[in-house]
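Some notes on the structure that comes next.
Dropping the structure here:
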């Protein structure tokens with residue numbers, strides 16, 4: 001099979017196109033002829049050496065694929081080595097994909113869609129009418145969180161993004177307002193976007209100074225959900241006295257732990273597929289690259305030059 005692997009840690013330049021034996025199909029698994037593979041920031045970190053690959057190097061990265069199984073069904077799911085023309089998926093977590101969904105649209109619903117759904121519903125426990133701030137509102141998770149917040153009844157949705165083009169995209173997806181997400185001046189911009197009032201929910205994958213700034217815009221019983229630290233880890237712990245004074249909460253979310261407990265199908269993927277097929281949410285596909293151009297795909301993702309979901313077409 002055709003595959004992309006790396007034999008040393010580094011940037012996207014360490015990726016190499018290779019020919020490898022077909023993957024071994026284990027008990028409870030099914031082989032899939034891959035149509036496309038999802039590209040995620042976790043791939044960038046793994047290739048850089050932050051997350052050690054199971055089994056060591058060389059290693060084929062990629063955690064999600066869509067393709068055809070032996071019965072000819074179009075299916076998707078999580079896998080161990082996705083940047084390849086063939087993969088194996090767990091039979092119990094196969095998701096049958098309607099033909100009306102493009103490969104990138106469908107893949108966007110896996111890691112990004114499930115994260116967005118559970119950030120709002122399970123972690124933030126967002127209630128109808130509440131205000132929601134979505135950091136990186138044009139990204140893979142953010143673009144879906146903006147739409148899902150609207151579907152779930154948010155009263156006002158505010159997105160942050162680094163450029164006017166990205167802010168315009170967030171507004172087109174349903175954000176009532178979109179502002180620069182930089183830490184300097186963050187509180188003033190967000191409060192103004194919320195018509196002078198503190199906010200109820202903030203979804204943060206940026207961390208660092210932006211995390212600290214986001215705490216200052218929470219209103220009474222406000223909740224901040226952290227699910228990443230793109231700008232670096234927060235320098236200081238959250239002051240409990242600050243939380244007590246505002247009856248506020250900070251919590252975290254990690255999709256991998258949820259999937260380990262519930263499995264893919266039990267985590268809500270069917271609901272997301274139904275919403276997408278019905279047109280109530282529109283997964284954004286920001287870049288489709290041939291498998292052989294994995295280096296460019298990873299470089300563009302790491303350089304923040306993409307929006308929505310990035311995929312490798314096989």
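In full-length UniProt numbering, the protein residues as written are 1 to 314.
Cβ coordinates follow ideal geometry from the N, Cα and C atoms, glycine included.
Minimum C-alpha distance to residue i - residue among the options
{"i": "residue 211", "options": "247, 251, 172, 245", "result": "251"}
{"i": "residue 304", "options": "119, 166, 10, 16", "result": "166"}
{"i": "residue 169", "options": "190, 5, 33, 282", "result": "282"}
{"i": "residue 126", "options": "276, 105, 149", "result": "149"}
{"i": "residue 295", "options": "286, 255, 312", "result": "312"}
{"i": "residue 85", "options": "43, 130, 122, 5", "result": "5"}
{"i": "residue 302", "options": "56, 60, 140", "result": "140"}
{"i": "residue 65", "options": "121, 261, 33, 237", "result": "33"}
{"i": "residue 144", "options": "190, 128, 107, 155", "result": "107"}
For residue i, three-class secondary structure by DSSP
{"i": "residue 287", "result": "strand"}
{"i": "residue 4", "result": "strand"}
{"i": "residue 59", "result": "strand"}
{"i": "residue 300", "result": "helix"}
{"i": "residue 203", "result": "strand"}
{"i": "residue 153", "result": "coil"}
{"i": "residue 219", "result": "strand"}
{"i": "residue 31", "result": "strand"}
{"i": "residue 208", "result": "helix"}
{"i": "residue 292", "result": "helix"}
{"i": "residue 74", "result": "strand"}
{"i": "residue 308", "result": "strand"}
{"i": "residue 281", "result": "coil"}
{"i": "residue 14", "result": "helix"}
{"i": "residue 240", "result": "helix"}
Identified DSSP bridge partners for residue i
{"i": "residue 177", "result": "158"}
{"i": "residue 19", "result": "2"}
{"i": "residue 36", "result": "66, 313"}
{"i": "residue 252", "result": "226"}
{"i": "residue 264", "result": "Its beta-bridge partners do not exist; DSSP assigns none."}
Pairs of beta-carbons, one from the segment 257–270 and one from the segment 107–122, closer than 8 angstroms: are there three or more? yes
List, from N- to C-terminal side, the beta strand (DSSP E) runs of 3 residues or more that fit wholly inside the segment 78–146. 86–90, 131–134
Is the segment 188–205 touching the segment 130–140, taking contact as three or more C-beta pairs under 8 angstroms? yes
Counting pairs of beta carbons, one from the segment 170–187 and one from the segment 235–244, are three or more of them closer than 8 angstroms? no
Three-pair Cβ contact test at 8 angstroms for the segment 6–19 versus the segment 64–79: no
Looking at C-beta atoms only, is the number of pairs between the segment 92–105 and the segment 173–186 that lie closer than 8 angstroms three or more? no
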